[in-house]
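Residues 28 to 476 in the UniProt record's numbering are what the sequence shown lists, from first letter to last. All residues carry an ideal CB built from backbone N, CA and C; glycine is no exception.
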Amino acid sequence: AVLADIEAENEKTGAYLEVFADHCLEKAAKIDQRIKAGEKCGALAGVPIAIKDNMTTLWGKTTCSSKILENFEAPYNATVVEKLLAEDAIIIGKVNLDEFAMGSSTENAGLGKTTNPWDSSRVPGGSSGGSAAAVSAGLCFGALGSDTGGSIRQPASFCGVVGVKPTYGRVSRYGLVAFGSSLDQIGPLARNTQDAALLMNIISGHDPKDSTSLSEEAAPNTDFTLYIDKPLEGLKIAVVPEFIDKASDSVSKAVQQAIDFYSSKGAEIREVKMPHSDYAVATYYIVATAEASANLARFDGVRYGYRSEKAENYLDVYTKSRDEGFGAEVKRRIMLGTYALSSGYYDAYYLKALKVRNLIRQDFKEIFKDCDCLLTPTSPSGAFKFGEKSDDPIQMYLEDIYTISANLAGVPGVSVPCGFDENNMPVGMQIITDTFQEAKMFQIARMFE
Ligand code: GLN
């Protein structure tokens, strides 16, 4: 049924870059047989799940929506894909994204256009725009995205679904094409908090193949649904009043209503400060671009994907393949990052950014000393129209003003739908907790659903 829906709808939403129809039907038939034979099946037996196309799969291609990887076939599955398969999920296809996950609207996609299922003149958000659109349009039951600065939470907010960025190191990055390695986390997008928590149960856990994956002792395996429908006594919610004031009127109103709801349920609302949040976007664009410039050096026209036909010597292979293969935003980031890391500028920019990153971490520590969570808007506005921000990178970068700090600090965050904006587009609120407190984060989010 989901394949038929994709067939009918995908032309409009453009969520999928590739659908594994034959593979899915074969796998589903096998699961049917096993069920009939009375065999025990996994927790996701037969459930269609979509994968952002920056995670490797043995079938089909892994393109990062970039011309440079247009025909790249990965020789292995990402750990998260293996974990889904072990629970008998059906990997239904690969979904669109901003090229190499760089962007906030999926307008930087190099291999296709994805629209918002609520209004096709508007963007689905990004960079996991395909994941959010596929879940929202009912073209899968859950999806995986990646979040470096907001790329799961912001599109979830724009498309009216739940999106989770786990604690850094909770979910293995093995098989995720690296963008900003110290910030990147894979997480689920789902129709509700419960589904998202169930997916977290499956994809998280230590992985020896990822050196930044947390050990069992540091992050014991938790059942993320443990407290999901349990009442929460004495909940203390932190809010930063400027964050709510800075958002558009309709977003402020929707988030304020959510705060009033929690208050009516007995939660204590505490006004707090995040003194270094004004520097978060600037800090992120130094750290993320620096790491991206190093990570993307591997696309050299030799080892992966595209090679320019115009190359006449070795240097040409490198420069022409990259020039023709990468899109404008990716080039902008490589240049910014290379500049920030170059001799003479390293201390002035990169080292300073690392120091500010630490101050942002401490801002969160301070808040979580007394409060269970921080509640903010997910994004300053609802979904905007195509072209509205694409000519102005700074405007686009400001989209992540509320989400970026969580990546810099490594703490988890979830976006849950909390109302609609002046255009009747969905609006999300974000709940951020201290590291490893995802179960509590889901419990708080679930109260509002
Ligand atoms: N929008 C941010 C960026 O362009 C975040 C992207 C992401 O989280 N992958 O870098």
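Shortest gap from the CB of alanine 315 to any heavy atom of ligand 1: under 7 Å.
For alanine 265, the enclosing beta strand (DSSP E) covers residues 263–266. Only exposed fits alanine 31, as fewer than 16 other CB atoms lie within 10 angstroms of its CB. When the beta-carbon positions are compared, proline 444 and methionine 468 stay at least 8 Å from each other.
Taken from the Cβ of methionine 82, every heavy atom of ligand 1 lies 7 Å or farther away.
Checking the DSSP bridge columns, you'll see tyrosine 43 partnered with Val122. Here the distance from the Cβ of methionine 362 to the nearest heavy atom of ligand 1 is not below 7 Å. The residues Asp32, in chain order, have a CB closer than 7 Å to that of glycine 165 in the same chain once the five nearest residues on each side in sequence are set aside. Nearest neighbour of cysteine 186 by Cα position, chosen from Thr141, Thr175, Ser208 and Thr310, turns out to be Thr141.
Where glutamate 109 is concerned, the enclosing alpha helix (DSSP H) starts and stops at 106–113. Cβ atoms of methionine 423 and serine 132 come within 8 Å of each other, at about 7 Å. Under the three-state reduction of DSSP output, asparagine 434 falls in the helix class. Placement of the Cβ of aspartate 418 at a distance of 7 Å or more from every heavy atom of ligand 1 is found. The alpha-carbon of threonine 83 is positioned some 16 Å away from that of glycine 157. DSSP, reduced to helix, strand and coil, places glutamine 464 outside both helices and strands of the structure shown, so it counts as coil. Assignment of methionine 362 by DSSP, reduced to helix, strand and coil, places it in the helix class. At least one heavy atom of ligand 1 is found less than 7 Å from the C-beta of aspartate 174. By DSSP's assignment, isoleucine 117 forms a beta bridge with Pro75. Of the candidates Tyr333, Leu52, Leu226 and Ser173, the residue whose Cα lies closest to the Cα of asparagine 81 is Ser173. As computed with DSSP, glutamate 295 is found in a beta bridge with Lys263.
Shown here for threonine 403: same chain residues with a beta carbon closer than 8 Å to its own, the five before and five after excluded, namely Val266, Val267, Phe270, Ile271, Val282, Tyr429, Met456, Gln457 and Ile459 in chain order. When the alpha-carbon of alanine 170 is set against those of Gly153, Gly190 and Ala375, the nearest one is in Gly190.
Secondary structure remark: continuous beta strand (DSSP E) runs of at least 3 residues inside the segment 363–441, in chain order: 400–404. Around the CB of isoleucine 421, fewer than 16 other CB atoms lie within 10 Å, so the residue is classed as exposed. Scanning the segment 271–316 from its first residue to its last, the whole alpha helix (DSSP H) runs of 4-plus residues come out as 276–291. A distance below 6 Å between beta-carbons, with the five flanking residues on each side excluded, links threonine 194 to the following residues of its chain, in chain order: Pro439, Thr462 and Phe463. In the three-state DSSP reduction, arginine 200 falls in the coil class, being neither helix nor strand. Per the DSSP secondary-structure output, proline 182 pairs with nothing in a beta bridge.
A Cβ-Cβ contact shorter than 8 Å links alanine 77 with isoleucine 119. Here the C-alpha atom of aspartate 49 lies approximately 34 Å from the C-alpha atom of valine 357. Contact between serine 275 and serine 408 holds, since their C-beta atoms are separated by about 4 Å, short of 8 Å. When the five nearest sequence neighbours on each side are left out, the beta carbons in the same chain lying within less than 6 Å of the beta carbon of lysine 416 are those of Gln422 and Met423, in order along the chain. Across the set Tyr312, Ala28, Phe353 and Tyr254, the C-alpha of Ala28 shows the shortest separation from the C-alpha of leucine 52. Judged by DSSP in its simplified three-state form, leucine 96 adopts helix. For leucine 241, the secondary structure class from DSSP, reduced to helix, strand or coil, is coil. In the structure shown, aspartate 256 falls within a coil segment according to DSSP collapsed to helix, strand and coil.
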